[in-house]
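The listed protein sequences derive, respectively, from chains A and B. With the numbering used here applied, the first sequence covers 1 to 499. With the numbering used here applied, the second sequence covers 1001 to 1499. The beta carbon of each residue, even a glycine, is placed where N, CA and C say it ideally should be. As the structure is a computational prediction, the values presented were derived from the model and not from experiment. A quick write-up on the structure given underneath.
There are 2 protein chains.
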Amino acid sequence: MTQLDDLKTLLGQVSDLSAAASLMSWDQETYMPPEAARVRSLQMATLAGLSHETFTNERTGQLLDAAERNTLSDTDAAIVRVARRDYTKATKLPTSFVEELTRAQNEAHHAWIEARKTDSFNTFAPYLERMFDLARRQADLVGFDAHPYDALIDDYEPGARAEHIRSVFADLRDRTLPLLRRITAAGDATDYGVLSRPFPAEAQRNIALRLAEEAFGLKPAFSRLDVSAHPFQTNFSRSDLRITTRFDETYFPTSLYGVWHETGHAMYERGVGERWERTPVSRGASLGVHESQSRMFENLLGRSRAFWQRYFPTLQAIAPDVAAGVDAEALYRAVNRVQPSLIRVEADEVTYNFHIMLRFELELALLEGTLKVADLPEAWNAKMGEYLGITPPNDADGVLQDVHWSAGLIGYFPTYTLGNLLSVQLLNTARQDAQIAAGVDRAEYGPLLAWLAEHVHQYGRSLTPSELTVRATGRELQADDYVAYLHAKYEDIYGLKPE
Amino acid sequence: MTQLDDLKTLLGQVSDLSAAASLMSWDQETYMPPEAARVRSLQMATLAGLSHETFTNERTGQLLDAAERNTLSDTDAAIVRVARRDYTKATKLPTSFVEELTRAQNEAHHAWIEARKTDSFNTFAPYLERMFDLARRQADLVGFDAHPYDALIDDYEPGARAEHIRSVFADLRDRTLPLLRRITAAGDATDYGVLSRPFPAEAQRNIALRLAEEAFGLKPAFSRLDVSAHPFQTNFSRSDLRITTRFDETYFPTSLYGVWHETGHAMYERGVGERWERTPVSRGASLGVHESQSRMFENLLGRSRAFWQRYFPTLQAIAPDVAAGVDAEALYRAVNRVQPSLIRVEADEVTYNFHIMLRFELELALLEGTLKVADLPEAWNAKMGEYLGITPPNDADGVLQDVHWSAGLIGYFPTYTLGNLLSVQLLNTARQDAQIAAGVDRAEYGPLLAWLAEHVHQYGRSLTPSELTVRATGRELQADDYVAYLHAKYEDIYGLKPE
Chain A
1 MTQLDDLKTL LGQVSDLSAA ASLMSWDQET YMPPEAARVR SLQMATLAGL
51 SHETFTNERT GQLLDAAERN TLSDTDAAIV RVARRDYTKA TKLPTSFVEE
101 LTRAQNEAHH AWIEARKTDS FNTFAPYLER MFDLARRQAD LVGFDAHPYD
151 ALIDDYEPGA RAEHIRSVFA DLRDRTLPLL RRITAAGDAT DYGVLSRPFP
201 AEAQRNIALR LAEEAFGLKP AFSRLDVSAH PFQTNFSRSD LRITTRFDET
251 YFPTSLYGVW HETGHAMYER GVGERWERTP VSRGASLGVH ESQSRMFENL
301 LGRSRAFWQR YFPTLQAIAP DVAAGVDAEA LYRAVNRVQP SLIRVEADEV
351 TYNFHIMLRF ELELALLEGT LKVADLPEAW NAKMGEYLGI TPPNDADGVL
401 QDVHWSAGLI GYFPTYTLGN LLSVQLLNTA RQDAQIAAGV DRAEYGPLLA
451 WLAEHVHQYG RSLTPSELTV RATGRELQAD DYVAYLHAKY EDIYGLKPE
Chain B
1001 MTQLDDLKTL LGQVSDLSAA ASLMSWDQET YMPPEAARVR SLQMATLAGL
1051 SHETFTNERT GQLLDAAERN TLSDTDAAIV RVARRDYTKA TKLPTSFVEE
1101 LTRAQNEAHH AWIEARKTDS FNTFAPYLER MFDLARRQAD LVGFDAHPYD
1151 ALIDDYEPGA RAEHIRSVFA DLRDRTLPLL RRITAAGDAT DYGVLSRPFP
1201 AEAQRNIALR LAEEAFGLKP AFSRLDVSAH PFQTNFSRSD LRITTRFDET
1251 YFPTSLYGVW HETGHAMYER GVGERWERTP VSRGASLGVH ESQSRMFENL
1301 LGRSRAFWQR YFPTLQAIAP DVAAGVDAEA LYRAVNRVQP SLIRVEADEV
1351 TYNFHIMLRF ELELALLEGT LKVADLPEAW NAKMGEYLGI TPPNDADGVL
1401 QDVHWSAGLI GYFPTYTLGN LLSVQLLNTA RQDAQIAAGV DRAEYGPLLA
1451 WLAEHVHQYG RSLTPSELTV RATGRELQAD DYVAYLHAKY EDIYGLKPE
């Protein structure tokens, strides 16, 4: 055994421990009996601890040093590079800090659940202050050049910079806010009743899975769909993809679009090169790149006119009562309603990014200290008024609606919009191939899926999001493509004159 | 932290790793997508390896030494005693031997699958020879006083001795073979057609689970039932019990009695004292004691007249077509058919133990070298003729029917019969309490379950099977109770004059 073999064995063990922890977590959300929760959390803590201990051990550093002294194949070089990046970061945080953070997250999370239930921001405020204090300390421990936010977002979007995001978001805001104003001014006579027609869960499951396979390539041989309160995708290898959803029998878009969204995440993981198996490279490059895949399947494809032109007969066959008296065009219109609303996770393509920009701006201000936690609800509501023209009636549906900050996930929100932007930038690039464009226009996605596998999926974490974006699309991420996409689609839907 | 705390932390980690491995295994049998199998086996090997490494580390020995020098509470003393027993045993086998054994088991298992498919004992014979060679070497490494078999069975039935089993089995054989002869001579006019009536899987599931809860106390709050090809019970804590079954829609006893059997295993694990949580004490005392609980629920209770007198109306309510034109007595008779047959797992209460005695006798002879592997099929068929009066038409349904030997499980078979014997010995003791006896006779098992929890379940592995048996019943395990039970029940059913 060479030292490189030893390193790979060690990385394989870390990967296996983390797969076991992921399975425990999946099981907890899907099938675990309720009384098992207490011991399960101890078991999961053990696995997380062993995985962290094994990886941050001095021996890992020694094996990395040895590997870096040798000439390596491209594959091995990428494994060593990514492992070194993770190792450097993981060893910068002292165990005492990680333990303090974990405890604070736990406490903040429970405080948030309670505060949201009772609509009482004040009881949550001290916990939130502590989370931002810890975030500042974490940024200092990790180190950064330009902005402490850069040290935080790096966990979710390696190499991303607050300054770049700030400028892209400003561009996006300036060019889509007028569109939103024109849409809301235009009035809307569409009949959305079709979305609320009774639709049994089993039939929803059938069509969601059938199209996930037929349109997007998700096969039962390497995946499964289960039910959980909060939908998610997880996987324990590229041949063991798990997605979950929930069924609302009087609002089928929840499960259908939820499944296709998670299918985007799953197919990304499916496409990660087998050569990275059981190494730290074997995952999507970042949350943003991941979201570009899920949003592409859900919105760019699943909410396209071509999609329903092709698959409306399938809906008619599986759920004739739902499809009665409507047609593909009516369904296309119904699933593309633009309407400013309180809740991020229910927002449409046009308003969604304003929910994100608002959070990003507030995160920055809190981190910089220019906004005090006590003043956060007021700032939140002011921005909701500025962007979406609505004022939250309470904090539970306002500043308290998301779990993220209570879980210490600061710097996470922007990745949703980065993913939206990237989804169109990728699709536009792929469409430069006439066969792909023709396929997409007929809702035949085979050629597009092959392009994504080649230009996005296969690399895993061996490229940073920025490297991947430039290599795949020839440009850094920018707002142009997304802005043009929104204008073309929604000017058509709402009968607006192109600007 | 004291050294005792360190020891408990370490044992907790080992327990958590093994819970994670069990979950991976459960998932593999129930929900895992087929293509996930290859990586899953690597992941499971990592968990098994880490668990073994952590436990057999020198540090465990040092912490045990330190603990043994102190005065300990009864609970801690039992934890240290059981951990020491496991540690001594685990460290007696060199890693090189364990690896060789694992490889040989893998190869033998695959050879067995192939040999069984093609009914070709000869292709399996060299692998089986190797398994018995390895078993002899294992016995030498572990050490034994009287017989190498004692070193092997100790893995499944701590402290059991071949000589004691041999004499108990001989007694059982001599006193039940005449009964079997009288039954088969008596003729049988019972109508067994009711067992094959169409019974939808969902309805089978409903009644199986409803009675598992109502009769035996298995609650969804701490358990669940899933489907797998081979039924089993596993658990990841006493509040996370998983049982599986399979449904045959034209033979409902498979699932009903399967579920109640596994419920017996599950309720044993449920009853293990919470004070042993995440320690090596936190499991049933042995396979035999486990089987005494599963067989008690399945046979002594579930196949009793009182059971169907009480629950026949439930069957009528859930599956009226199945119950049409029969009554509790007819059902009682149908589920207690005695009929010599080829296959162990399908055998009834009277013939089952002959399948076990046969295997036990052959295992001993192979281990002692008085029987050659090449002569095994002939010896098997001869014993089948001697005990059950039938000759297997082929080896696939004869000597090749069980997975155990191919998996290196030598010394495992007797535990099934030890469990049968113990089940009646325990029930007879419990019935000395008039309230328990009255309950059992009305199929109200609450008082019996409480007795089992107090006298069997709570101890976990803190008592050996023999200690537990003597403490609970006042005697070592013997055949008297079981022999009397079989005579009383089947002389009645088959209208034989009591001997």
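Separation of the CB atoms of Phe354 of chain A and Tyr387 of chain A is rounded to 4 angstroms, and the pair is thereby assigned contact status at 8 angstroms.
Residue contact check for Leu1042 of chain B against chain A: a CB pair falls below 8 angstroms. Taking 8 angstroms as the cut-off, the Cβ atoms of Tyr127 of chain A and Ser196 of chain A do not count as close.
Ala453 of chain A is not a Cβ neighbour of Ser1237 of chain B, given a cutoff of 8 angstroms. By the neighbour-count criterion, in which 16 or more other beta carbons inside 10 Å mark a residue as buried, Ala185 of chain A falls on the exposed side. Contact between the segment 1357-1375 of chain B and the segment 1400-1419 of chain B is present: 3 or more CB-CB pairs across the two stretches fall below 8 angstroms. Put simply, the CB of Ala1083 of chain B is far from chain A, with every gap to its CB atoms at 8 angstroms or more. The contact set of Ser1237 of chain B on chain A, defined by CB atoms closer than 7 angstroms, consists of Ala36, Val39 in chain order.
Every candidate beta strand (DSSP E) stretch fails here, since none sits fully inside the segment 55-114 of chain A while reaching 3 residues.
Out of A:Glu100, A:Thr190, A:Arg181, A:Lys92, the CA that lies nearest to the CA of Phe144 of chain A is found in A:Lys92. For Met1032 of chain B, the chain A residues whose Cβ falls inside 9 angstroms of its Cβ are Arg224, Phe236, Asp240, in order along the chain. Only those residues of the segment 264-290 of chain A whose C-beta falls short of 9 angstroms from the nearest C-beta of chain B are listed: Glu277, Arg278.
Distance from Phe1199 of chain B to Ala1319 of chain B at the Cβ level is roughly 6 angstroms; contact confirmed, criterion being Cβ atoms closer than 8 angstroms. Looking from the CA of Asp433 of chain A, the closest CA among A:Pro447, A:Gly61, A:Arg442, A:Asn420 belongs to A:Pro447. Taking all protein chains in view, the Cβ of His1457 of chain B is crowded by 16 or more other Cβ atoms within 10 Å, so the residue is classified as buried.
Residues of the segment 1347-1367 of chain B with a C-beta less than 9 angstroms from any C-beta of chain A: none at all. At a cut-off of 4 residues, the continuous stretches assigned as alpha helix (DSSP H) that sit fully inside the segment 113-196 of chain A are 121-142, 148-153, 162-186. Annotated as proximal: Arg1246 of chain B and Ser1255 of chain B, with beta-carbon spacing under 8 angstroms.
Any Cβ of chain B closer than 8 angstroms to the Cβ of Pro220 of chain A would place that residue at the interface, and such an atom is present.
For the pair Val1483 of chain B and Asn1420 of chain B, the Cα-to-Cα distance works out to about 11 angstroms. For the segment 173-192 of chain A, the set of positions with a beta-carbon nearer than 9 angstroms to some beta-carbon of chain B is empty. Beta-bridge annotation (DSSP): Asp226 of chain A is paired with A:Thr244.
Going by C-alpha positions, Ala324 of chain A is about 10 angstroms away from Leu315 of chain A. Neighbourhood of Ala20 of chain A in chain B, by CB distance below 7 angstroms: Ala1020, Met1024, Gln1043, Leu1047, in chain order. Beyond the five residues adjoining it in sequence on each side, Ala108 of chain A comes within less than 6 angstroms, by CB distance, of Tyr127, Met131, Ser406 in the same chain, given in chain order.
Straight across, the Cα-Cα distance linking Asp321 of chain A with Gly495 of chain A is about 29 angstroms. Between the segment 288-304 of chain A and the segment 20-34 of chain A there are fewer than three C-beta pairs closer than 8 angstroms, too few to call the two in contact. Straight through space, the alpha carbons of Ala1048 of chain B and Val1168 of chain B are spaced by roughly 36 angstroms. Cβ-Cβ separation between Ala1328 of chain B and Thr1190 of chain B: approximately 14 angstroms, too far for a contact (criterion under 8 angstroms). Across the segment 1443-1477 of chain B, no CB contact with chain A closer than 7 angstroms is found for any residue. In the displayed model, Gln478 of chain A falls within coil according to three-state DSSP, outside both helix and strand. For Phe354 of chain A, no beta strand (DSSP E) run applies; the uninterrupted alpha helix (DSSP H) run containing it begins and ends at 349-368, by DSSP. Close to Gly12 of chain A, with beta-carbon spacing below 8 angstroms, are these residues of chain B in chain order: Leu1042, Thr1046. By the Cβ neighbour-count rule, Arg1069 of chain B is exposed, with fewer than 16 other Cβ atoms within 10 Å of its own. In the assembly as shown, Leu141 of chain A is an exposed residue. Its beta-carbon has fewer than 16 other beta-carbons within 10 Å. By the CB criterion at 8 angstroms, Val1227 of chain B and Thr1244 of chain B fall inside the cutoff.
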